[in-house]
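*Asks:* To convert a position in the sequence shown, counted from 1, into the working numbering, add 1287. Note that the Cβ used here is the ideal one computed from N, Cα and C, for glycine as well. As the structure is a computational prediction, the values presented were derived from the model and not from experiment. For reference, the structure I am asking about is given below.
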Amino acid sequence: MGRARVVAPGQQKVPEMRVAASAVKSEIAALDRAVKDTVEELQELRSSAGKKLGDAVGKVFDAQLLIADDQEFLSRVREEITLRKRNAGFVYNLLVHQTTAELRRSPELYMRQMAEEIEGVAHRIMSHLGGGRKKTAVRYREGTIIVARTITPGEVLNYRNLKAVGMVAEEGGPNSHMALIARSLMIPLTVSGNVCDRIPNGSRLIVDGTNGVVILNPTDEEWADYQKKRKRQGPAILSRIKKLTEIPPTTADGVSLQVAANLEFPGPVDDILADHLIPVGLYRTEFLYLEGSDFPDENAQFGYYRRLAEKFSRTSVILRTFDLGSDKVRADSPQAAEANPALGWRGIRPMLEQPETFKRQVRAILRASTLGNLRILLPMISDVSEYKKARRLVSQVMFELRKEKIDFDSDIPVGIMVEVPSAALTADLLASEVDFVSIGTNDLTQYTMSADRNNSRVSGLYNPYHPSVINLIKMTVDACHRHQKPVNICGELAGDLLALPLFIGMGVSSLSMNPVKIFDCCRLVKKIDSRLVKHLVEPVLSSNSAMAVVRKLQNYRNALENK
Ligand code: PEP
Ligand code: MG
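See below:
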């Protein structure tokens, strides 16, 4: 509940100022200087990205360099400044907008992405025109709600740090990383079309993340009503974990189910989880990078993992190695320019090509491994060869540590995420090699359905209950059973109470979820009889639609509640 702050890159309102004929020259000089500074900045980024991530990545900045230094466009800007006698920023912004507005209307995704790219570069140039990029972070007024076209997961963190209390984006799905992070931080976030045009800056807003509702200029009655609602929710939800008496919970017939937490950054919930012996089933370490300004060095990472290992020493922590790419990129990242980022350089792929970054992380994890129970999880494995390559790098790091006489847990389990169909379809091959498997239903759904988890236009297709996804999960679980390897589910579906009986029926040994979901999940486990829910599995697998799957699971749930 608060006031809107519309943040739309490239849409900043630059004041229109008349300039004297004698000042035109200096306006043009200011523009040229801003372009020069931007080009230098991009060249620096290109070279540092090249050094860290390889020349192929560095080159991705080339497109931005071409845009920044587009002399034909700049000549038009110079001409207009001279003709209209207006300030450089205003004219530049105007012409950029004329270009991108046209591109944005294109049915071609490529064209729309190009508009984003141009506006991103223009944003840089404009900040230089405004006297250099601000070094000190602004603090938002209390009760600021960010309204933006798109919000990256890293930006969610940044806005939170600037004390934003809610967010509204034009693009994104409920399982996008933007949404996952907002959920973890308990920041209300809703996706709604055209908000940047519809919501005036400074207007009063209510963002109801639970129901996906944005109320613009609410009445006093609505405001009072939501004030009451807000009191009933909030961080108190997490404290309910303290009321749980049995962890791990057991089903009505005494089968134990491991319930673990998905975490992304340190927070007060860590102590509650550790005190109540709830392990960390998925630690998304990439947020260490997304929140900072670069890959943290080995010692910084060691400190971080050591604190986790110690805090959770009575249970365990699964550290997933950096899973970057697709929507998990920083605004200044070279990866943003891929044509199909979800199918491109993400997950384990960039790490295998940049083994030094990967090895540095593994080294930090191994050094911390003697202080608790750490496990290594490799993201987005599509083929057994990728696992083997990554495993070889882990072995190399172990060899180096031994040579240096540095202690580590040589039996540290190394597992993989099964989150692309190729991995699920070859789960037998993979399960025979790895120490454990974690099923990522968020990505498994987007890749199986070919429906971007960030794109609200295809959210109807993005459905983890689709029989194709459920069948792939079952194949993976069965393969793990055949090879006697632990299998965990860690996508958002793991915390969905509707799916819980199905997973118990399949014999899944562990579920890892947003901490907010743990209390309700543990409570429901106790009511479920694992022998009975085995009979749910077959009918669900043979359903002909996601709706049919949901109906069957809902029927079971209703029967359970009416008992
Ligand atoms: C998943 O894909 O289900 C998963 C757990 O990983 P992430 O959501 O971080 O992609
Ligand atoms: Mg994933």
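1) Just the C-alpha distance for F1695 and R1689, rounded to the nearest angstrom, thanks.
2) When you compare only the Cα positions, how much space is there between R1305 and R1371?
3) CA-CA distance, R1647 and R1633?
4) Could you give the C-beta distance for D1610 and R1571, rounded to a whole number, given that I count them as a contact under 8 angstroms?
5) Output the boundary residues of the alpha helix (DSSP H) element that contains I1652.
6) First and last residue of the alpha helix (DSSP H) that includes D1807?
7) Using the three-state DSSP reduction, which class does I1776 fall into: helix, strand or coil?
8) Is the distance from the Cβ of T1728 to the Cβ of R1740 below 8 angstroms?
9) Can you give the Cα-Cα distance for L1476 and N1445, rounded to whole angstroms?
10) Would the beta-carbon of N1488 fall within 8 angstroms of that of A1718?
11) Cβ atoms of Y1752 and V1836: under 8 angstroms apart, would you say?
12) How many angstroms separate the CA atom of L1840 from the CA atom of Q1330?
13) Where does F1723 sit, in a helix, a strand or coil, going by DSSP?
14) Quick one: complete beta strand (DSSP E) runs, 3+ long, within the stretch 1436-1523?
15) Would you check whether the ligand PEP has a heavy atom nearer than 7 angstroms to the C-beta of R1854?
16) Reducing DSSP to helix, strand and coil, say where R1740 ends up.
17) Using alpha carbons as the reference points, say which of Q1545, Y1379, N1462 and E1366 lies closest to I1871.
18) Would you identify the three-state DSSP class for V1364, choosing helix, strand or coil?
19) Spatial neighbours of K1814 within its chain, please: CB distance less than 7 angstroms, with the 5 preceding and 5 following residues excluded, ordered by chain position.
20) Can you look up K1323 in the DSSP assignment and give me helix, strand or coil?
21) For S1755, tell me which candidate among S1829, V1294, V1408 and A1587 has the shortest Cα-Cα distance.
22) Please classify H1822 as buried or exposed, where buried requires at least 16 other C-beta atoms within 10 Å of its C-beta.
23) Going by DSSP, name the residue or residues bridged to A1548.
24) Just the C-alpha distance for S1797 and A1547, rounded to the nearest angstrom, thanks.
25) Where do the N-terminal and C-terminal ends of the alpha helix (DSSP H) with A1355 fall, by residue?
26) Which partner residues does A1291 have in the DSSP bridge list?
27) What would DSSP say about R1850, mapped onto helix, strand or coil?
28) Exposed or buried, I1693, counting other C-beta atoms within 10 Å across all chains shown (16 or more means buried)?
29) For D1562, is the classification buried or exposed, using 16 other Cβ atoms within 10 angstroms of its Cβ as the cut-off for buried?
30) Since T1387 and A1402 should fall inside the 8 angstroms C-beta cutoff, what is the C-beta to C-beta distance between them, to a whole number of angstroms?
31) The alpha helix (DSSP H) that contains L1712, what's its start and end?
32) Under 8 angstroms, do I1493 and E1508 count as touching if we go by C-beta distance?
33) Give every residue of the same chain whose Cβ lies closer than 7 angstroms to the Cβ of P1536, excluding the five residues on either side of it in the sequence, and list them in chain order.
34) Within a Cβ cutoff of 8 angstroms, which residues of the same chain sit near R1818, ignoring the five residues on either side of it in sequence?
35) For a test of the three-state rule: what should DSSP assign to L1560, helix, strand or coil?
36) Taking Cβ to Cβ, would you say E1457 is nearer than 8 angstroms to G1441?
*Replies:* In this structure, then:
1) Along the sequence shown, read from residue 1 onward, the residue named residue 1695 stands at position 408. Along the sequence shown, read from residue 1 onward, the residue named residue 1689 stands at position 402. Roughly 8 angstroms between the two C-alpha positions.
2) As a position in the sequence shown, residue 1305 is number 18, starting the count at 1. As a position in the sequence shown, residue 1371 is number 84, starting the count at 1. Separation of R1305 and R1371 (C-alpha to C-alpha, rounded to the nearest whole angstrom) is 8 angstroms.
3) The sequence position of residue 1647 within the sequence shown is 360, counting from 1. The sequence position of residue 1633 within the sequence shown is 346, counting from 1. So the two alpha carbons sit approximately 18 angstroms from each other.
4) In the sequence shown, residue 1610 corresponds to position 323, counting from 1. In the sequence shown, residue 1571 corresponds to position 284, counting from 1. The Cβ separation is near 7 angstroms, so the contact holds.
5) Position 365 of the sequence shown, counted from the start, is the residue given in the question as residue 1652. Segment P1642 to A1655, the alpha helix (DSSP H) holding I1652.
6) By one-based count along the sequence shown, residue 1807 stands at place 520. Run containing D1807: P1802 to V1812, per the alpha helix (DSSP H) assignment.
7) As a first step, residue 1776 must be located in the sequence shown, where it is residue number 489. The three-state secondary structure of I1776, taken from DSSP, is strand.
8) Locating residue 1728 in the sequence shown gives position 441, counting from the first residue. Locating residue 1740 in the sequence shown gives position 453, counting from the first residue. 8 angstroms or more divides the Cβ of T1728 from the Cβ of R1740.
9) Numbered from 1 along the sequence shown, position 189 holds the residue referred to as residue 1476. Numbered from 1 along the sequence shown, position 158 holds the residue referred to as residue 1445. Rounded to the nearest angstrom, the two C-alpha atoms are 14 angstroms apart.
10) Sequence index remark: in the sequence shown, residue 1488 carries index 201 (1-based). Sequence index remark: in the sequence shown, residue 1718 carries index 431 (1-based). Going by beta carbons, N1488 and A1718 fall outside the 8 angstroms limit.
11) As a first step, residue 1836 is located in the sequence shown; it is residue number 549 there, counting from the start. As a first step, residue 1752 is located in the sequence shown; it is residue number 465 there, counting from the start. A Cβ-Cβ contact shorter than 8 angstroms links V1836 with Y1752.
12) In the sequence shown, counting from the first residue as 1, residue 1840 sits at position 553. In the sequence shown, counting from the first residue as 1, residue 1330 sits at position 43. Distance between the alpha carbons of L1840 and Q1330 is about 55 angstroms.
13) As a first step, residue 1723 is located in the sequence shown; it is residue number 436 there, counting from the start. Three-state DSSP puts F1723 in a strand.
14) List check, beta strand (DSSP E) in window: 1453-1456, 1476-1478, 1491-1495 and 1500-1503.
15) Residue 1854 lies beyond the stretch modelled for the chain, which goes from 1288 to 1850, so this question has no answer here.
16) Working through the sequence shown from its first residue, we reach residue 1740 at position 453. Looking at R1740 - three-state DSSP - the assignment turns out to be coil, as it is neither helix nor strand.
17) Examination of residue 1871 is not possible in this model, given that the chain is present from 1288 through 1850 alone.
18) Taking the first residue of the sequence shown as 1, we reach residue 1364 at position 77. The DSSP-derived three-state label of V1364 is helix.
19) Taking the sequence shown and counting its residues from 1, one reaches residue 1814 at position 527. So the list reads A1539 and L1847, once near-sequence residues are dropped.
20) What you label residue 1323 is simply residue 36 of the sequence shown in a count that begins at 1. In this structure, K1323 counts as helix in the three-state DSSP scheme.
21) In the sequence shown, residue 1755 corresponds to position 468, counting from 1. Measuring from the Cα of S1755, the nearest candidate turns out to be S1829.
22) Stepping through the sequence shown from its first residue, residue 1822 is reached at position 535. Per the 10 Å Cβ criterion, exposed.
23) Locating residue 1548 in the sequence shown gives position 261, counting from the first residue. For A1548, which the question treats as bridged, DSSP gives the partners V1567 and M1800.
24) Indexing the sequence shown from 1 puts residue 1797 at position 510. Indexing the sequence shown from 1 puts residue 1547 at position 260. S1797 and A1547: Cα-Cα distance of roughly 7 angstroms.
25) Numbered from 1 along the sequence shown, position 68 holds the residue referred to as residue 1355. Membership of A1355 in the alpha helix (DSSP H) is indicated by the continuous run F1348 to A1355.
26) The count along the sequence shown starts at 1 and reaches residue 1291 at position 4. For A1291, which the question treats as bridged, DSSP gives the partners I1432.
27) As a first step, residue 1850 must be located in the sequence shown, where it is residue number 563. Strictly speaking, residue 1850 in this sequence is Lys, with Arg absent from that position. In the structure shown, the three-state DSSP call for K1850 is coil.
28) What you label residue 1693 is simply residue 406 of the sequence shown in a count that begins at 1. By the neighbour-count definition (other C-beta atoms within 10 Å, threshold 16), I1693 is an exposed residue.
29) Against the sequence shown, residue 1562 aligns to sequence position 275. Counting every other CB atom within 10 Å of its CB across the protein chains shown gives D1562 a total below 16, marking it as exposed.
30) For the purposes of this step, residue 1387 is identified with residue 100 of the sequence shown, where counting begins at 1. For the purposes of this step, residue 1402 is identified with residue 115 of the sequence shown, where counting begins at 1. That pair is a contact at about 4 angstroms.
31) Numbered from 1 along the sequence shown, position 425 holds the residue referred to as residue 1712. Unbroken alpha helix (DSSP H) run through L1712: P1708 to L1712.
32) On the sequence shown, residue 1493 is found 206 positions in, with the first residue counted as 1. On the sequence shown, residue 1508 is found 221 positions in, with the first residue counted as 1. Taking the C-beta atoms as reference points, E1508 is found no nearer than 8 angstroms to I1493.
33) Walking along the sequence shown from the start, residue 1536 turns up at place 249. Cβ neighbours of P1536 beyond the five flanking positions: L1544, V1546, C1809, V1812 and K1813.
34) If you number the sequence shown from 1, residue 1818 lands on position 531. Counting only Cβ-Cβ distances below 8 angstroms, and skipping sequence neighbours, we find D1540.
35) Here residue 1560 refers to the residue found at position 273 when the sequence shown is read from its first residue. Reduced to three states, the DSSP call for L1560 is helix.
36) Working through the sequence shown from its first residue, we reach residue 1457 at position 170. Working through the sequence shown from its first residue, we reach residue 1441 at position 154. No. Outside cutoff.
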